[in-house]
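Step one of this worksheet: look at the structure below.
2 protein chains.
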Amino acid sequence: MSAADGVDPTPDQTTPRVSDATVGRLPVYLQGLLGLAGDGEASVSSEALAEIAAVNPATLRRDLAGIGITGTRGVGYDVKYLVHEISVVLGLNQAWPVIIVGVGNLGRALANYEGLTTQGFPVRALVDVDPDVVGTSVAGVVVEHVDDLSKVVDRDEIAVGVIATPASAAQAAADELIGAGLASLLNFTPVQITTPPHVQVRGVDLATELQILSFYQQRSTAAASGTGVPLGAEHAPDSTDDAS
Amino acid sequence: MSAADGVDPTPDQTTPRVSDATVGRLPVYLQGLLGLAGDGEASVSSEALAEIAAVNPATLRRDLAGIGITGTRGVGYDVKYLVHEISVVLGLNQAWPVIIVGVGNLGRALANYEGLTTQGFPVRALVDVDPDVVGTSVAGVVVEHVDDLSKVVDRDEIAVGVIATPASAAQAAADELIGAGLASLLNFTPVQITTPPHVQVRGVDLATELQILSFYQQRSTAAASGTGVPLGAEHAPDSTDDAS
DNA sequence: TTCTGTGAAATAGTTCACAGCG
DNA sequence: CGCTGTGAACTATTTCACAGAA
Numbered sequence: 000m001s002a003a004d005g006v007d008p009t010p011d012q013t014t015p016r017v018s019d020a021t022v023g024r025l026p027v028y029l030q031g032l033l034g035l036a037g038d039g040e041a042s043v044s045s046e047a048l049a050e051i052a053a054v055n056p057a058t059l060r061r062d063l064a065g066i067g068i069t070g071t072r073g074v075g076y077d078v079k080y081l082v083h084e085i086s087v088v089l090g091l092n093q094a095w096p097v098i099i100v101g102v103g104n105l106g107r108a109l110a111n112y113e114g115l116t117t118q119g120f121p122v123r124a125l126v127d128v129d130p131d132v133v134g135t136s137v138a139g140v141v142v143e144h145v146d147d148l149s150k151v152v153d154r155d156e157i158a159v160g161v162i163a164t165p166a167s168a169a170q171a172a173a174d175e176l177i178g179a180g181l182a183s184l185l186n187f188t189p190v191q192i193t194t195p196p197h198v199q200v201r202g203v204d205l206a207t208e209l210q211i212l213s214f215y216q217q218r219s220t221a222a223a224s225g226t227g228v229p230l231g232a233e234h235a236p237d238s239t240d241d242a243s
Numbered sequence: 000m001s002a003a004d005g006v007d008p009t010p011d012q013t014t015p016r017v018s019d020a021t022v023g024r025l026p027v028y029l030q031g032l033l034g035l036a037g038d039g040e041a042s043v044s045s046e047a048l049a050e051i052a053a054v055n056p057a058t059l060r061r062d063l064a065g066i067g068i069t070g071t072r073g074v075g076y077d078v079k080y081l082v083h084e085i086s087v088v089l090g091l092n093q094a095w096p097v098i099i100v101g102v103g104n105l106g107r108a109l110a111n112y113e114g115l116t117t118q119g120f121p122v123r124a125l126v127d128v129d130p131d132v133v134g135t136s137v138a139g140v141v142v143e144h145v146d147d148l149s150k151v152v153d154r155d156e157i158a159v160g161v162i163a164t165p166a167s168a169a170q171a172a173a174d175e176l177i178g179a180g181l182a183s184l185l186n187f188t189p190v191q192i193t194t195p196p197h198v199q200v201r202g203v204d205l206a207t208e209l210q211i212l213s214f215y216q217q218r219s220t221a222a223a224s225g226t227g228v229p230l231g232a233e234h235a236p237d238s239t240d241d242a243s
């Protein structure tokens, strides 16, 4: 029983089978490595890089071994080589043009975020529904109408769709992006969008992140002060107000 | 992380020990439940909610049981009750005032994002280093100088610090926030910041998310087209065939 | 000697499957 | 009956610990 789900005459071999957990850490390693490279470091030990990435050294070594990266015993890993290899594994040796749907506050901020372009995700297109916004230029890109989305995706060879619409329009935006042939979406709205299985969606939701922080903060405060109410602010529970 | 390691005279009992995996899903359930509540639904089965949240029903039931939430056999879970209980567990029955450090494009977008305030994370303070920005008003909040950060945190009873500075200033911002007594940080820069163990940091990094998307997109494209180069763009990197 | 690569053990998390309450 | 709550099996991931390459 290979890992394949359904019927697959070609079990694997072509598939190195990198675990999701590993994939999630690769960008962290890469980030740390870029810092080291900037400092002129030629090699790193798994221990040093693990510290930077805040993981266990064994985990790091296993991750690297798992994607076929090998170091030198007694020495460590070659920084430049590592950067290159991880980049290849992540697919960063090529550009992945991005379209942003929804040019409000957030969309505008994203369009202006140069980290995107410099990291290989050039913002090639912006679309919105608002006629007042369509035609304006943001970060050097002219905003087009969302009705032309499919055409635009095709024309600009877009690879990734970013959803920065109001929550109410998120599902529609996703549907259109998928209809245009995209299989990689990044959803900035707080709603869960549903997609066919071949589409990869990742969500970046502020509220979610904050709620998780809130949980841990509450827990640690409670632990510290016995039966703690956090901070100085004492808002008695109750009030489940917005049952919306 | 770092739950009790070695010596702990009081093993637990006070600590319900909710798993990280569960905590990460609670906001998703909550989101789905709010939608159901909005539709006027009075109760849900684990199956229905699991579908909305895209998880296995057993996982959902276990999560809920794990935080002490109980349903009614043969019926399901009471929506309003669930919303309330999850909110309490996440600590959402109180407000967690937020400070944003760095009022650039991103900081401004975050400050204007009303989702924050409506979900119990009011943006109470903004600080920046730029004298041109200090004194201006963004989203109804006057930007103060970062030198006053500690004072501001104290005055406004801030609970969460959001780092929206340029990457180069991220660590310094984190240090100041921690120095001001905060234990919950949300880092929007692409750099890994280091903090003492009692501080919870969560990162929302666009590049990381996109790199992960890139990986999966590349994998699926490769799988689909045999030996695939993705999309129409054919950037043959140099053959990085393994070097093992 | 140092530091990788990896069996093997330990942990964590998921999912099945079903007893049993309402 | 339908659907929860959970033992038990299973799968995934982490971590230890150490053999062995450079």
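Chains as they are written, first to last, in numbering that gives the first Met the number 0: chain P, 0 to 243; chain R, 0 to 243. Yeah, the Cβ is synthetic: ideal placement off N, Cα and C, and Gly gets one too. All of these numbers come straight from a predicted model, not from anything done at the bench.
Please confirm if GLN118/P has its CB atom under 8 Å from at least one CB of chain R.
As a first step, residue 118/P must be located in the first sequence, where it is residue number 119. Yes - at least one Cβ of chain R is within 8 Å of the one on GLN118/P.
Tell me the rounded alpha-carbon separation between LEU176/P and GLU113/P.
Within the first sequence, numbered from 1, the residue matching residue 176/P stands at position 177. Within the first sequence, numbered from 1, the residue matching residue 113/P stands at position 114. Straight-line Cα distance between these residues: approximately 23 Å.
Would the segment 113-131 of chain P and the segment 85-100 of chain P be scored as touching if the rule is three or more Cβ pairs under 8 Å?
yes
Under 8 Å: do the segment 176-192 of chain R and the segment 166-186 of chain P share three or more Cβ pairs, one atom per stretch?
no
At what residues does the alpha helix (DSSP H) containing SER86/P begin and finish?
Numbered from 1 along the first sequence, position 87 holds the residue referred to as residue 86/P. It spans 78-89 - the alpha helix (DSSP H) in which SER86/P sits, taken as one unbroken run.
Taking the Cβ atom as the reference point for each residue, do ALA143/R and VAL137/R lie within a distance shorter than 8 Å?
What you label residue 143/R is simply residue 144 of the second sequence in a count that begins at 1. What you label residue 137/R is simply residue 138 of the second sequence in a count that begins at 1. It should be pointed out that residue 143/R corresponds to Glu in this sequence rather than to Ala. Contact: no.
List the residues of chain R whose Cβ lies closer than 7 Å to the Cβ of GLY31/P, in chain order.
Position 32 of the first sequence, counted from the start, is the residue given in the question as residue 31/P. Residues of chain R passing the Cβ test: GLN191.
For the segment 46-64 of chain R, enumerate the residues whose C-beta is nearer than 8 Å to any C-beta of chain P, in chain order.
ILE51, ALA52 and ALA53
What did DSSP end up calling THR164/R once you bin it into helix, strand or coil?
The residue given as residue 164/R occupies position 165 in the second sequence. For THR164/R, the three-state secondary structure derived from DSSP is coil.
Assuming GLN191/R contacts VAL161/P (C-beta within less than 8 Å), just tell me the rounded distance between them.
Taking the second sequence and counting its residues from 1, the one referred to as residue 191/R is at position 192. Taking the first sequence and counting its residues from 1, the one referred to as residue 161/P is at position 162. Wrong, their Cβ atoms sit about 23 Å apart, outside the cutoff.
Partner residues on chain R for ILE99/P, Cβ-Cβ distance less than 7 Å:
Indexing the first sequence from 1 puts residue 99/P at position 100. Within 7 Å Cβ-Cβ: nothing; ILE99/P doesn't reach chain R, min ~11 Å.
What do you reckon, is the C-beta of ASP147/R under 7 Å from a heavy atom of the ligand NAD?
As for the ligand NAD, it is missing from this structure, which has no ligand bound.
For the beta strand (DSSP E) holding ILE98/P, just list the boundary residues, first then last.
In the first sequence, residue 98/P corresponds to position 99, counting from 1. Per DSSP, ILE98/P belongs to the beta strand (DSSP E) from 97-100.
Does the separation of the CB atoms of GLY67/R and TYR76/R fall below 8 Å?
The residue given as residue 67/R occupies position 68 in the second sequence. The residue given as residue 76/R occupies position 77 in the second sequence. No.
Which residues of the segment 195-207 of chain P have a Cβ closer than 8 Å to any Cβ of chain R? Give them in chain order.
The residues in question are HIS197, GLN199, ARG201, VAL203, ASP204, LEU205, ALA206 and THR207.
Chain-order list of residues whose beta-carbon lies under 7 Å from that of VAL133/R (same chain, five-residue window excluded)
Sequence index remark: in the second sequence, residue 133/R carries index 134 (1-based). Only ASP127, VAL142, GLU143 and HIS144 meet the Cβ criterion.
Can you tell me where the beta strand (DSSP E) with SER183/R in it begins and where it stops?
As a working note, residue 183/R is residue 184 in the second sequence. Looking at the DSSP string, the run of the beta strand (DSSP E) that includes SER183/R is 183-186.
Could you tell me whether the segment 198-212 of chain P touches the segment 198-210 of chain R, using the rule of 3 or more Cβ pairs below 8 Å?
yes
Looking only at its own chain, which residues have a Cβ that is under 8 Å from the Cβ of VAL159/P, when we skip the five neighbours before and after it?
Stepping through the first sequence from its first residue, residue 159/P is reached at position 160. Cβ neighbours of VAL159/P beyond the five flanking positions: TRP95, PRO96, VAL97, ILE98, PHE120, LEU181, SER183, LEU184 and LEU185.
When the Cα atoms are used, what is the spatial distance from GLY101/P to ALA124/P?
Here residue 101/P corresponds to residue number 102 of the first sequence, with the count starting at 1. Here residue 124/P corresponds to residue number 125 of the first sequence, with the count starting at 1. One C-alpha to the other measures close to 11 Å.
In chain order, what are the residue ranges of uninterrupted beta strand (DSSP E) at least 3 long that sit wholly in the segment 93-161 of chain P?
You should have 97-100, 122-127 and 140-144.
Pick from ARG60/P, TYR80/P, LEU63/P and VAL22/P that is closest to ALA244/P, judged by C-alpha positions:
For chain P, the structure presents residues 0 to 243; residue 244/P sits outside this window and is missing.
Kindly identify the DSSP beta-bridge partner or partners of VAL200/R.
In the second sequence, residue 200/R corresponds to position 201, counting from 1. Partner(s): LEU184/R.
What separation, rounded to the nearest whole angstrom, lies between the Cα atoms of ALA16/R and GLU156/P?
Numbered from 1 along the second sequence, position 17 holds the residue referred to as residue 16/R. Numbered from 1 along the first sequence, position 157 holds the residue referred to as residue 156/P. Reading off the sequence shown, one finds Arg at residue 16/R, where the question assumed Ala. One C-alpha to the other measures close to 47 Å.
C-beta atoms of VAL82/P and LEU29/P nearer than 8 Å:
Numbered from 1 along the first sequence, position 83 holds the residue referred to as residue 82/P. Numbered from 1 along the first sequence, position 30 holds the residue referred to as residue 29/P. Yes; because the gap between Cβ atoms is below 8 Å, this pair is in contact.
When you compare only the Cα positions, how much space is there between GLU46/P and ALA64/P?
As a working note, residue 46/P is residue 47 in the first sequence. As a working note, residue 64/P is residue 65 in the first sequence. Cα to Cα, GLU46/P sits roughly 15 Å from ALA64/P.
Name the one or two DSSP bridge partners that VAL244/P has.
Any answer about residue 244/P is impossible in this case: the structure gives chain P only from 0 up to 243.
Reducing DSSP to helix, strand and coil, say where VAL17/R ends up.
Position 18 of the second sequence, counting from 1, holds the residue named residue 17/R. Coil at VAL17/R, not helix or strand.
So what's THR194/R in DSSP terms, helix, strand or just coil?
Taking the second sequence and counting its residues from 1, one reaches residue 194/R at position 195. In this structure, THR194/R counts as coil in the three-state DSSP scheme.
For GLN210/R and ALA166/P, the rounded distance between their alpha carbons
Within the first sequence, residue 166/P is the residue found at index 167, counting from 1. Within the second sequence, residue 210/R is the residue found at index 211, counting from 1. Here the alpha carbon of ALA166/P sits roughly 24 Å from the alpha carbon of GLN210/R.
Quick check on this structure: which residue in ALA168/R, ASN104/R and ARG24/R has the alpha carbon closest to the alpha carbon of PRO189/R?
Position 190 of the second sequence holds residue 189/R. For the set ALA168/R, ASN104/R and ARG24/R, the Cα lying nearest the Cα of PRO189/R is the one of ALA168/R.
ILE177/P: first and last residue of the uninterrupted alpha helix (DSSP H) it sits in:
Walking along the first sequence from the start, residue 177/P turns up at place 178. First-last of the alpha helix (DSSP H) with ILE177/P: 169-178.
Tell me, to the nearest whole angstrom, how far the beta carbon of SER213/R is from that of LEU89/P; I am working on the premise that it is less than 8 Å.
In the second sequence, the residue the question calls residue 213/R occupies position 214. In the first sequence, the residue the question calls residue 89/P occupies position 90. Going by Cβ atoms, the distance from SER213/R to LEU89/P rounds to 6 Å, so yes, they are a contact pair.
Between the segment 146-161 of chain P and chain R, which residues of the former have CB atoms less than 8 Å from a CB of the latter, in chain order?
Answer set for the segment 146-161 of chain P: GLU156, ALA158 and VAL159.
Could you tell me the alpha carbon to alpha carbon distance between ALA57/P and LEU32/P, rounded to whole angstroms?
On the first sequence, residue 57/P is found 58 positions in, with the first residue counted as 1. On the first sequence, residue 32/P is found 33 positions in, with the first residue counted as 1. ALA57/P and LEU32/P: Cα-Cα distance of roughly 17 Å.
Return the first residue and the last residue of the alpha helix (DSSP H) that PRO56/P is part of.
Indexing the first sequence from 1 puts residue 56/P at position 57. Taken as a continuous stretch (DSSP letters only), the alpha helix (DSSP H) holding PRO56/P covers 56-65.
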